[in-house]
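Peer 1: Okay, so the sequence shown: first residue is 6 according to the working numbering, each after it adds one. Ideal placement from N, C-alpha and C gives every residue a C-beta, glycine not left out.
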Amino acid sequence: MLNLVLFGPPGAGKGTQSDLLKKHFDLVHISTGDVFRSLDPSSDLAKLAKSYADKGNLVPDKITIEILESEVQKHSDINGVIYDGFPRTTDQATALDEFLAKKDTSVTLMLSLVVPEEELTQRLLERAKVSGRADDADPEIIQTRIENYNKSTAPVAGFYNQQGKLIEVNGVGSIDDIFNRLKEAIDAR
Ligand code: ADP
6 MLNLVLFGPP GAGKGTQSDL LKKHFDLVHI STGDVFRSLD PSSDLAKLAK
56 SYADKGNLVP DKITIEILES EVQKHSDING VIYDGFPRTT DQATALDEFL
106 AKKDTSVTLM LSLVVPEEEL TQRLLERAKV SGRADDADPE IIQTRIENYN
156 KSTAPVAGFY NQQGKLIEVN GVGSIDDIFN RLKEAIDAR
């Protein structure tokens, strides 16, 4: 199985590149952000997730790990998965390793999209015009997301680096150029 963790700060292009990678390598794409946003808005779980996400904070690990595992279990007989926006803490990364080990598989690679902070804010404000996402529209909330990324999520790259699985990819350029960089990294594994 090809299990790819697509990593990078908010606005790095994980969703865009996941769509292309999913088609090219015939993978299932799981974005925890999309899963949270697609929950029935009247459910307690949706309200709880939204109370964190709208402020730019991470949803607690226990809830996120449960949601991720139940999403993976919906699929069987697949080539692999792109994990987009998960794991976002080292505890989530440990949980993913244990979960995949039980399924006799493991993370193949972490591909980390590297984009400078000034460009991230610009991209998210631009996306807000079409995404309708409260967490994209406000520069202060974007700042909180970037700070949470630097504090809680960036260390996850070290977790996979220790396993020799981290590959950094330049996330600046055209969508096609970035896709080709990712594809080369995966083909060279
Ligand atoms: P982006 O990558 O653009 O920040 P996402 O759509 O991946 O946005 O996530 C939106 C929000 O959903 C996050 O800010 C966070 O509140 C919540 N979320 C998504 N994935 C996770 C995760 N793995 N752990 C905790 N919270 C998460």
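Please give the ranges of any beta strand (DSSP E) in the stretch 11–87, keeping only runs that are unbroken, at least 3 residues long and fully inside the region.
Peer 2: 33–36
Peer 1: When we look at the beta-carbon of S36 and count the other beta-carbons within 10 Å, is it buried (16 or more) or exposed?
Peer 2: buried
Peer 1: Mind pulling the beta strand (DSSP E) runs of 3 or more residues that sit fully within the stretch 94–177?
Peer 2: Runs of the beta strand (DSSP E) inside the stretch 94–177: 114–119, 171–175.
Peer 1: Give me the Cα-Cα distance between L129 and I151, rounded to the nearest whole angstrom.
Peer 2: 11 Å
Peer 1: Since K156 and V112 are thought to touch, with beta carbons under 8 Å apart, how far apart are those beta carbons, to the nearest angstrom?
Peer 2: That belief does not hold up - the Cβ atoms of K156 and V112 are roughly 22 Å apart, past 8 Å.
Peer 1: Spatial neighbours of L44 within its chain, please: C-beta separation below 8 Å, excluding the five flanking residues on both sides.
Peer 2: So the list reads L50, A51, A54, once near-sequence residues are dropped.
Peer 1: By Cβ distance below 8 Å, which residues in the same chain neighbour N62 in space, the five residues on each side in sequence not counted?
Peer 2: T149, N153
Peer 1: Exposed or buried, which one is A17 when buried takes at least 16 other CB atoms within 10 Å?
Peer 2: buried
Peer 1: Among V33, N8, S117, which has the Cα closest to the Cα of K79?
Peer 2: Residue V33 is the option with its Cα nearest to K79.
Peer 1: Comparing C-alpha positions only, which one of R93, D192, V86 sits nearest to T110?
Peer 2: Comparing Cα positions, the closest option is V86.
Peer 1: Between D182, G163, A193, which lies nearest to F5 when the distance is taken from Cα to Cα?
Peer 2: Residue 5 lies beyond the stretch modelled for the chain, which goes from 6 to 194, so this question has no answer here.
Peer 1: Counting along the chain, where does the alpha helix (DSSP H) carrying A193 start and finish?
Peer 2: Per DSSP, A193 belongs to no alpha helix (DSSP H) and is neither H nor E.
Peer 1: With F91 and L73 assumed to form a contact (beta carbons below 8 Å), what rounded beta-carbon distance in angstroms separates them?
Peer 2: Right, the Cβ-Cβ distance comes to about 5 Å (below 8 Å), so this counts as a contact.
Peer 1: Quick one: using the 10 Å Cβ neighbour count with 16 as the cut-off for buried, is Q127 buried or exposed?
Peer 2: exposed
Peer 1: So, for T147: in the same chain, excluding its five sequence neighbours on each side, which residues have a beta-carbon less than 6 Å away from its beta-carbon?
Peer 2: As written in the sequence, residue 147 is Ile, which differs from the Thr given in the question. Only T126, L129 meet the Cβ criterion.
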